Amino acid sequence: MKRSVLTALVLPSVIAVTLGGTALSAPTASAAPAATSTAAAAPADESVVSDPAQAPDTDAGGPSAGPPSVGSAPVGPAVEAGPTQTSPPEAEVPAADEASEPAPGTDGGTTAPAPTAETEADTGGEVGTAAATEPGTVIVSGETRLSDTQRAVTDGWPAGTTFTYQWTRDGADIDGAVGETYVLVGADMGRVVEVAVTGTGPGPDDEPATVVSDRRVAAGVAPTFTAQPGTDLTVVAGEPYSFTWEAAGDPTPMVVSVADPRTLVSTLPAGATVTETPGALTISGTSTYAGSYSFGVSTLNMVGIGELLVVDLEVQAAAPASIFATVYTTSATGPWAFAGAVGSSADDDVLAVSVDDGQSVVLAAYAGDEFGNAVPREALPEGSDEPVYRSSGPGDEAVVLDTGYQGFTVHGAGTRVMSASLAGFTLSFPVEVRSTAVVVPAGSGAAPTSSAGSLAYTGSEPAQGLVPLAAGLLAAGTVLTVVRLRRRATS
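So the sequence shown is numbered by this note's numbering: it starts at 13 and just counts up by one.
The structure is reproduced here in structure tokens:
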């Protein structure tokens with residue numbers, strides 16, 4: 013009887029669980045109130061029954077002294093079974109220790125499962141999933157020339173977004189460039205300049221989002237010459253000159269004077285001034301010293317170095333203003349002796365030459381400008397570009413040396429005047445010839461000799477055989493004469 017009554021009480025609850033919670037009341041338990049249990053979450057094929065020891069005592073005719081079982085409906089007052097109740101097949105009752113274990117995932121029906129982030133988020137709890145900041149766009153504004161300011165412009169980001177910045181050059185971070193703006197420097201010319209912007213939304217759980225700007229190539233053009241006076245320049249002593257080299261590029265290039273790569277030095281004439289301006293170089297001035305000079309001109313900017321021009325500058329002598337001559341004589345102590353220099357100008361010193369009878373006097377004349385520069389023969393007027401030498405001594409004999417010097421071997425004591433004419437100018441100087449006594453003892457029959465080892469006139473040209481030995485001294489005398497003339501020109 014006890015088992016039948018227990019089965020009648022438990023079976024309706026099992027059927028309710030199996031059918032998804034729809035209660036089917038047994039005829040004898042219609043008065044029992046319905047109940048909800050956390051065990052309903054257990055699989056439908058698991059039967060939950062009460063401990064037989066706690067089954068109600070129907071013989072006592074009152075409620076059971078034990079508490080309700082897990083998953084069972086509350087037990088009310090005992091009711092009598094209907095007259096024709098058919099009992100279902102008896103279910104196997106598990107052992108007491110099995111029946112007391114809670115269903116998996118539960119604590120026996122007394123504690124609900126721990127909430128998760130998803131359940132809290134669904135129900136409005138404080139725990140939720142962090143959301144990434146919705147990124148907007150980033151563009152870079154500003155011109156792309158040297159020293160121009162670049163600005164990172166953001167658009168479409170959530171209100172309240174905070175930003176950090178990192179500017180890059182060809183993909184590499186630029187040290188210290190972490191602001192909203194960046195000023196282009198020389199190293200940026202011709203490179204790709206970008207900015208990576210990281211935005212973080214205002215929410216406490218918003219994650220940052222990073223956007224890289226559109227690719228932006230900083231402008232830069234290597235320099236090239238756009239105007240130049242040439243590489244072979246000529247000026248005239250005493251006349252002003254000015255030469256300018258111009259170059260273009262982005263940024264505006266410098267044009268500079270550098271060393272001549274052939275000599276590794278730069279030479280400019282005295283009186284020249286170098287002026288550098290953006291994109292241009294000017295060399296100007298007035299020079300009075302004739303000569304050849306050379307230097308280099310190049311252009312460069314932050315993008316690169318342009319062409320190197322090698323410039324030769326020639327300062328030519330001005331028009332002839334007078335003529336000059338260096339004078340040499342033969343002597344007993346050497347092949348040639350420097351006698352001095354003479355000029356056609358009234359300011360020149362007076363030169364007086366003294367030699368022994370039979371010696372030679374040679375000279376080389378050239379034209380000079382007002383600054384003491386020698387005027388090349390090719391620059392002299394045609395027809396007067398070759399010097400003409402004269403001697404007033406009737407017996408003097410012309411001498412021509414391979415070095416270009418010309419003169420006379422003097423014969424006969426006394427004074428004569430020697431002169432040179434060139435380019436319309438004439439210079440002259442006196443030559444004193446000393447007599448050479450010839451001593452012939454009476455009846456000796458000895459040949460006459462010259463005294464003091466001097467050369468006696470023999471009708472030949474004694475100077476011709478001394479040409480090779482004289483060449484070096486003649487050149488040295490010419491240099492000394494030029495120095496003297498320039499001192500006179502500046503005095």
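We put the beta carbon where it would ideally sit given N, CA and C, even for glycine.
Computed from a prediction, not measured in an experiment: that's the story for all the values here.
Point to revise | Candidates V286, L276, V195, T341: closest to W257 by CA position | key: V286
Check your understanding: Is P235 buried or exposed, if buried means 16 or more other CB atoms sit within 10 Å of its CB?
Key -> buried
Review point. What residues match up with E444 in a beta bridge as DSSP calls it?
Key: S366, T427
Practice item. Could you pull out every residue in the same chain whose Cβ sits closer than 8 angstroms to the Cβ of T298, ignoring the five residues on either side in sequence? Key: G250, E251, P252, Y253, G283
Exercise for review: Return the first residue and the last residue of the beta strand (DSSP E) that V309 is part of.
Suggested key: 303–312
Exercise for review: Confirm, please, whether the CB-CB distance from T174 to A221 is below 8 angstroms.
Suggested key: no
Point to revise | Close beta carbons around T156, own chain, < 6 angstroms, minus the five adjacent residues each side | key: A230, A231
Practice item. Specify the secondary structure class of E219 as computed by DSSP and reduced to three states. Key: strand
Check your understanding: To which residues of the same chain is S296 closer than 8 angstroms at the C-beta, ignoring the five residues directly before and after it?
Key -> P252, Y253, S254, F255, A284, T285, T287
Check your understanding: Do you know whose CA, among T246, V248, V422, G318, lies nearest V270's CA?
Key -> G318
Review point. So does the region 235–244 actually touch the region 205–214, counting three or more Cβ pairs closer than 8 angstroms?
Key: no
Point to revise | Beta-carbon contacts of L434 that lie in its chain and below 6 angstroms, excluding the five residues immediately before and after | key: I335, A377, A379, P399
Practice item. State the DSSP-derived secondary structure class of G198, mapped to helix, strand or coil. Key: helix
Review point. Taking all protein chains shown into account, do 16 or more other C-beta atoms lie within 10 angstroms of the C-beta of V204, making it buried, or fewer, making it exposed?
Key: exposed
**Study point:** Cβ pair F420, M430 closer than 8 angstroms
**Key:** yes
Practice item. Determine the contact status of S306 and T341, defining contact as a CB-CB distance below 8 angstroms. Key: no
Review point. For A391, which three-state DSSP category applies?
Key: helix
**Study point:** Entirely enclosed beta strand (DSSP E) segments - the region 217–297, minimum 3 residues
**Key:** 221–224, 233–239, 244–248, 252–262, 266–270, 284–289
Point to revise | Which of helix, strand or coil DSSP assigns to A330 | key: coil
Exercise for review: Might you give, ordered along the chain, the residues of its own chain that have their beta carbon closer than 7 angstroms to the beta carbon of T161, omitting 5 neighbours on each side?
Suggested key: G154, T193, V195
Check your understanding: In the structure shown, what three-state DSSP assignment does Y378 receive?
Key -> strand
Point to revise | Boundaries (first-last residue) of the beta strand (DSSP E) holding D527 | key: Shown here, the chain extends from 13 to 503; a query on residue 527 therefore has no answer.
**Study point:** Check whether V327 and V247 have beta carbons under 8 angstroms apart
**Key:** yes
Exercise for review: Mind reading off the beta-carbon distance from A164 to V197? Whole number of angstroms is fine, and I expect it under 8 angstroms.
Suggested key: In fact, because the Cβ distance is near 17 angstroms, the residues do not count as touching under 8 angstroms.
Practice item. Measure the C-alpha to C-alpha separation of R228 and W179 and round it to an integer number of angstroms. Key: 11 angstroms
**Study point:** Nearest-angstrom Cα separation, counted from P332 out to D359
**Key:** 16 angstroms
Review point. In terms of residue numbering, what span does the beta strand (DSSP E) encompassing F175 cover?
Key: 174–181
Practice item. Return the CA-CA distance between E545 and P388, expressed in angstroms with no decimal places. Key: The first residue shown for the chain is 13 and the last is 503, placing residue 545 beyond what the model contains.
Exercise for review: Closer than 6 angstroms by C-beta to G407: which residues in its own chain qualify, once you throw out the five before and the five after it? Chain order, please.
Suggested key: H423, G424
Review point. Whose CA, out of T238, G303, Y401, lies closest to the CA of F383?
Key: G303
Review point. DSSP puts R402 in a beta bridge; with which residues?
Key: S431
Exercise for review: Could you please give the first and the last residue of the uninterrupted beta strand (DSSP E) stretch that includes R208?
Suggested key: The displayed chain sequence assigns Ala, not Arg, to residue 208. Per DSSP, A208 belongs to the beta strand (DSSP E) from 205–212.
Practice item. Please check the pair P273 and L312, which I expect to be a contact at CB under 8 angstroms, by giving their CB distance rounded to whole angstroms. Key: Their Cβ separation, rounded to whole angstroms, is 15 angstroms, which puts P273 and L312 out of contact at 8 angstroms.
Check your understanding: Leaving out five residues before and five after G168 in sequence, what residues of the same chain have Cβ atoms less than 7 angstroms from its Cβ?
Key -> G148, T149
Check your understanding: Assuming V367 and V443 make a contact with CB atoms under 8 angstroms, what is their CB distance in whole Å?
Key -> 7 angstroms
Review point. Under a three-way DSSP split, which group does D361 fall into?
Key: coil
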